[in-house]
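Please read the structure below before turning to the comments.
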Amino acid sequence: MAEGQRRDFYAWFWRAPLLVWQLLFFVVPLAFMFVMSFWLVKNYRMTPAFAFDNWAKMLGWNIFWSSYAYTMALAVAATILASVLAFPAAYGLAFRVTDTTRRWALFFLIIPFFTSYLVRVYAWQVVLAGNGVISAMLGWVGLGPISLLNTPIGTLVGYLTLSFPLVVILQTISLASIDKTLIEAAHNMGCSPLRTVFSVIIPAAKVGLIVAGLFCFILSFGDFVSPYYLGGSKPPTLSIMIVDSTKSGQQWPRAAVIAVVMILSLLAIAFTAVKFAYRRRG
Amino acid sequence: MNTEKATSWALYIYIAIAFAFIFTPIIWSFIFSFNSDRFPSLPLGSFSLKWYQTILSRPEVLEAAWTSLVVAACSSLLSTFIGFCTAYTDYRYSFLGKQAYLALAMLPPTIPLIIMALAMLSWLAQIGLSGQVVSIIIAHTVLGAPFAMAVIRLRLNDMDPNLEAASWNLGASEWRAMREVVVPFAMPSIIAALCLTAAVSFDEFAVAWFVSGLNKTIPVVILEILQGNVDPQINAIGTFVFVISITLIVVAQVLMLSKGKKEETAQ
């Protein structure tokens, strides 16, 4: 009995830290945020309540819904763009280079995650501005000056800066782990390379490709830096609304409403994507 | 055969363009940090170190650098400890609800940082822990733990389960087997996890900005420069951060690889 108890203690010693920390500082904060969305703000002070005022206010507000549609459209656009643009690169890295080269390429693709995203956004600000590098280069060939700053294109450039390296990494890994005999079999049976890509490689790597897209969507959907500093915040995205209502408006409960709506949307999309990823081909 | 080769070359060029897109902002920020112009444009101004001098003469930047270091050190230790415990639990035990346990471990990276920031701020304010250096440490530990767990779990994958059992049979207690078998085996990944989580903390700005109050970290200072009078000192700070982060990552990478190789040759 004592021996059993000692074993239990040993097991729980390793199991407990995650449970305690993530419950206290991850699950509870998210749950509390949900509760807070029903609280009221009176004279700039939050008071506990169970009122639907914030929900009614936000969900009945036209600007909220146009923001929602705009954020969704931009994040979907970024996901499609990143997935399509990353694919040829991932294909090349998975099938047309040596293992060593691929390892180096993946190493270099990790580097951007450890350079400040804010600094990279600032660099894009300078590069995309009307008097910036791109405009100057377009000027040499007789176009411009054009400013891509404060346009949806600016925002998309920022979203891709954030997510493109990750999408390439995840796609490369999932393509590289496809059973090579499948591809050889397709070749031997006279399948053209392009058709091999669409009817053998993409279906075989479907799960990884969808997960890559999903991560791009999550990153873009929640980012407030690019839509603000590259997109000009016209109109604001949901993430910018959270920042504004928390930082300047002291409207934490309303920010919580936006955050809960965002989480529910992400859950719905993640669920659909995973279901689609594991659907059997009929 | 010829079309095959042509496709390969087209793909190589495409990959080069993709990398160019990824590295354009990184390289430009590096160049702008040495460029004298207040508003950089082409053609570039002259070579200058004045942006580096500017940041070194601002006490709040140095203060933020110190806060960043403290936060990165503490949160990387905490999240690596939690990550190790979780990785070992996953390696060693199977129990009812393990799926949920692992989901809890891996979930934080899927929640957008701005939402984590709001949730953290409101909860920590509620329990009287917001606006302090400790608040940032708590939040960054949550964000770092899944990465530490993943890195250490990968390493434990390579450990023969019989190794631990053998040391028990030889009379070692579970604690002693942990100390003398499991921890030494996992050590490279533990150090790699420390570096990785320190780098994650060193770069994170959204949550730090919300919960930090007056205790700014370096990324929060960068965000504030971006909001106010933008000038190229942002690139100088960015270059510093980059050098530190990349050093951490290279150390982590080298540790993971070199240890792996030694064992390959030994076998």
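Sequences listed follow chains E and A, in order.
Just add 20 to wherever you are in the first sequence, counting from 1, and you've got the working numbering.
Just add 202 to wherever you are in the second sequence, counting from 1, and you've got the working numbering.
The beta-carbon is built from N, C-alpha and C at its ideal position, and this holds for glycine as well.
Practice item. Look up phenylalanine 58(E) in the DSSP assignment and say whether it is helix, strand or coil. Key: Counting from 1 along the first sequence, the entry for residue 58(E) is found at position 38. Secondary structure at phenylalanine 58(E): coil, using DSSP grouped into helix, strand and coil.
Check your understanding: Short check: CB of asparagine 82(E) to CB of serine 57(E), under 8 Å?
Key -> The residue labelled residue 82(E) in the question sits at position 62 within the first sequence. The residue labelled residue 57(E) in the question sits at position 37 within the first sequence. No.
Review point. To the nearest whole angstrom, what separates the beta carbons of methionine 78(E) and valine 277(E), a pair I think is in contact under 8 Å?
Key: Within the first sequence, residue 78(E) is the residue found at index 58, counting from 1. Within the first sequence, residue 277(E) is the residue found at index 257, counting from 1. About 5 Å; that satisfies the 8 Å criterion.
Review point. So, is the C-beta of isoleucine 354(A) closer than 8 Å to a C-beta in chain E?
Key: By 1-based counting over the second sequence, the position of residue 354(A) is 152. Not one chain E Cβ lies under 8 Å of isoleucine 354(A).
**Study point:** Residues, ordered as in the chain, of the region 394 to 405 of chain A that lie near chain E by beta-carbon distance below 7 Å
**Key:** Listed by position along the chain: Ala401, Asp405.
Check your understanding: Looking at the C-beta of serine 285(E), does it have a partner C-beta in chain A at a distance below 8 Å?
Key -> The residue labelled residue 285(E) in the question sits at position 265 within the first sequence. With its beta carbon at least 8 Å from every one in chain A, serine 285(E) lies outside the interface.
Point to revise | Beta bridge counterpart(s) of phenylalanine 249(A) as assigned by DSSP | key: Within the second sequence, numbered from 1, the residue matching residue 249(A) stands at position 47. Phenylalanine 249(A) is bridged to Asn237(A).
Review point. Going by alpha carbons, who is nearest to tryptophan 85(E) out of Val40(E), Ile203(E), Pro256(E)?
Key: Counted from its first residue, the first sequence places residue 85(E) at position 65. The residue with the shortest Cα to Cα distance from tryptophan 85(E) is Pro256(E).
Point to revise | Contacts that tryptophan 268(A) makes with chain E (C-beta to C-beta distance below 8 Å) | key: Counted from its first residue, the second sequence places residue 268(A) at position 66. Here the premise fails: no neighbours, minimum Cβ distance about 18 Å.
Review point. From this set, Ala290(E), Phe291(E), Gln271(E), which residue's C-alpha is nearest methionine 53(E)'s C-alpha?
Key: Numbered from 1 along the first sequence, position 33 holds the residue referred to as residue 53(E). The candidate whose alpha carbon is nearest that of methionine 53(E) is Gln271(E).
Review point. Roughly how many angstroms lie between the CA atoms of lysine 226(E) and alanine 110(E), to the nearest whole one?
Key: On the first sequence, residue 226(E) is found 206 positions in, with the first residue counted as 1. On the first sequence, residue 110(E) is found 90 positions in, with the first residue counted as 1. Separation of lysine 226(E) and alanine 110(E) (C-alpha to C-alpha, rounded to the nearest whole angstrom) is 14 Å.
Exercise for review: Please name the residue, chosen from Arg260(A), Ser248(A), Pro386(A), Leu459(A), that lies closest to valine 423(A) on a Cα-to-Cα basis.
Suggested key: Translated into the one-based positions of the second sequence, residue 423(A) becomes position 221. Checked all of Arg260(A), Ser248(A), Pro386(A), Leu459(A); the closest Cα to valine 423(A) is Arg260(A).
Exercise for review: Could you name the residues of chain A that tryptophan 144(E) contacts, counting a contact when the two beta carbons are closer than 9 Å?
Suggested key: Reading the first sequence from its first residue, position 124 is the one you call residue 144(E). Result: Thr226, Pro227, Trp230.
Check your understanding: In terms of residues, what are the limits of the alpha helix (DSSP H) holding methionine 157(E)?
Key -> Stepping through the first sequence from its first residue, residue 157(E) is reached at position 137. DSSP places methionine 157(E) inside the alpha helix (DSSP H), whose first and last residues are 153 to 160.
Practice item. Sort out for me which residues DSSP pairs arginine 65(E) with in a bridge. Key: By one-based count along the first sequence, residue 65(E) stands at place 45. Arginine 65(E) is bridged to Lys62(E).
Exercise for review: Give the secondary structure of proline 108(E) by DSSP, where H, G and I count as helix, E and B as strand, and everything else as coil.
Suggested key: Taking the first residue of the first sequence as position 1, residue 108(E) is located at position 88. Under the three-state reduction of DSSP output, proline 108(E) falls in the helix class.
Check your understanding: For isoleucine 221(E) versus leucine 195(E), is the C-beta distance shorter than 8 Å?
Key -> For this step, residue 221(E) is matched to residue 201 along the first sequence. For this step, residue 195(E) is matched to residue 175 along the first sequence. Yes, Cβ-Cβ distance for isoleucine 221(E) and leucine 195(E) is below 8 Å.
Check your understanding: Between isoleucine 354(A) and the ligand SAM, is the CB less than 7 Å from at least one heavy atom?
Key -> With respect to the ligand SAM, the structure shown offers nothing to examine, as it has no ligands at all.
Point to revise | valine 139(E): contacting residues in chain A (beta-carbon distance under 7 Å) | key: Along the first sequence, one-based indexing puts residue 139(E) at 119. Close partners of valine 139(E) in chain A (Cβ separation under 7 Å): Ser231, Ile424, Ile436, Asn437, Gly440.
Exercise for review: Classify histidine 342(A) as buried or exposed, calling it buried when 16 or more other Cβ atoms lie within 10 Å of its own Cβ.
Suggested key: The residue given as residue 342(A) occupies position 140 in the second sequence. Buried, because 16 or more other Cβ atoms sit within 10 Å of the Cβ of histidine 342(A).
Point to revise | chain E contact for cysteine 287(A) (CB, 8 Å cutoff) | key: Working through the second sequence from its first residue, we reach residue 287(A) at position 85. Interface residue, yes.
Point to revise | Three CB pairs or more closer than 8 Å across the region 145 to 162 of chain E and the region 187 to 206 of chain E | key: The region 145 to 162 of chain E, when compared against the region 187 to 206 of chain E, does not touch it at the 8 Å Cβ threshold.
Exercise for review: Within its chain, find whatever has a CB closer than 8 Å to the CB of proline 144(E); leave out the 5 residues flanking it on each side and keep chain order.
Suggested key: Counting from 1 along the first sequence, the entry for residue 144(E) is found at position 124. For clarity, residue 144(E) is tryptophan in the given sequence; the question names proline instead. Within the same chain, tryptophan 144(E) has close Cβ partners Gly174, Val177, Gly178, Thr181, Leu250.
Point to revise | Of the listed residues Ala71(E), Thr99(E), Gly80(E), nearest to alanine 232(E) (C-alpha basis) | key: Here residue 232(E) refers to the residue found at position 212 of the first sequence. It is Thr99(E) whose Cα lies nearest to the Cα of alanine 232(E).
Point to revise | Exposed unless 16 or more other CB atoms sit within 10 angstroms - verdict on methionine 157(E) | key: The sequence position of residue 157(E) within the first sequence is 137, counting from 1. Looking at its Cβ environment, which holds fewer than 16 other Cβ atoms inside 10 Å, methionine 157(E) is exposed.
Point to revise | Secondary structure of phenylalanine 70(E), DSSP reduced to three states | key: Sequence index remark: in the first sequence, residue 70(E) carries index 50 (1-based). Look at phenylalanine 70(E) here: in three-state DSSP terms it is coil, with no helix or strand label.
Check your understanding: Nearest to phenylalanine 249(A) by CA position, among Ile257(A), Ser238(A), Trp377(A), is which residue?
Key -> Mapped onto the second sequence, residue 249(A) falls at position 47. The closest CA to that of phenylalanine 249(A), considering only Ile257(A), Ser238(A), Trp377(A), is found on Ser238(A).
Point to revise | Of the listed residues Trp34(E), Thr192(E), Ser268(E), Ser212(E), nearest to tyrosine 64(E) (C-alpha basis) | key: Locating residue 64(E) in the first sequence gives position 44, counting from the first residue. The shortest Cα separation from tyrosine 64(E) among Trp34(E), Thr192(E), Ser268(E), Ser212(E) belongs to Ser268(E).
Review point. From serine 414(A) to proline 363(A), what distance separates their C-alpha atoms?
Key: Taking the first residue of the second sequence as position 1, residue 414(A) is located at position 212. Taking the first residue of the second sequence as position 1, residue 363(A) is located at position 161. Annotation: serine 414(A) to proline 363(A) spans about 43 Å, alpha carbon to alpha carbon.
**Study point:** For leucine 396(A), three-class secondary structure by DSSP
**Key:** Translated into positions along the second sequence, residue 396(A) becomes position 194. Here DSSP, grouped into helix, strand and coil, assigns leucine 396(A) to helix.
Point to revise | Any C-beta of chain A under 8 Å from that of valine 294(E) | key: Taking the first sequence and counting its residues from 1, the one referred to as residue 294(E) is at position 274. For valine 294(E), the nearest beta carbon of chain A is not closer than 8 Å to its own beta carbon.
**Study point:** Residues within the region 73 to 92 of chain E neighbouring chain D, beta-carbon criterion of under 8 Å
**Key:** Going by chain labels, chain D is absent from the structure shown, which instead holds the protein chains E and A.
Check your understanding: Is methionine 361(A) helix, strand or coil when you go by DSSP?
Key -> Position 159 of the second sequence, counted from the start, is the residue given in the question as residue 361(A). Of the three classes helix, strand and coil, the one that applies to methionine 361(A) here is coil, per DSSP.
Exercise for review: Assign methionine 389(A) to buried or exposed, taking buried as 16 or more other Cβ atoms, counted over all protein chains shown, within 10 Å of its Cβ.
Suggested key: Taking the first residue of the second sequence as position 1, residue 389(A) is located at position 187. Counting Cβ neighbours within 10 Å, methionine 389(A) comes out exposed, since fewer than 16 surround it.
Exercise for review: Determine whether the Cβ of isoleucine 198(E) lies closer than 8 Å to any Cβ atom of chain A.
Suggested key: Here residue 198(E) refers to the residue found at position 178 when the first sequence is read from its first residue. Under the Cβ distance rule, isoleucine 198(E) does not count among the residues neighbouring chain A, no pair being separated by less than 8 Å.
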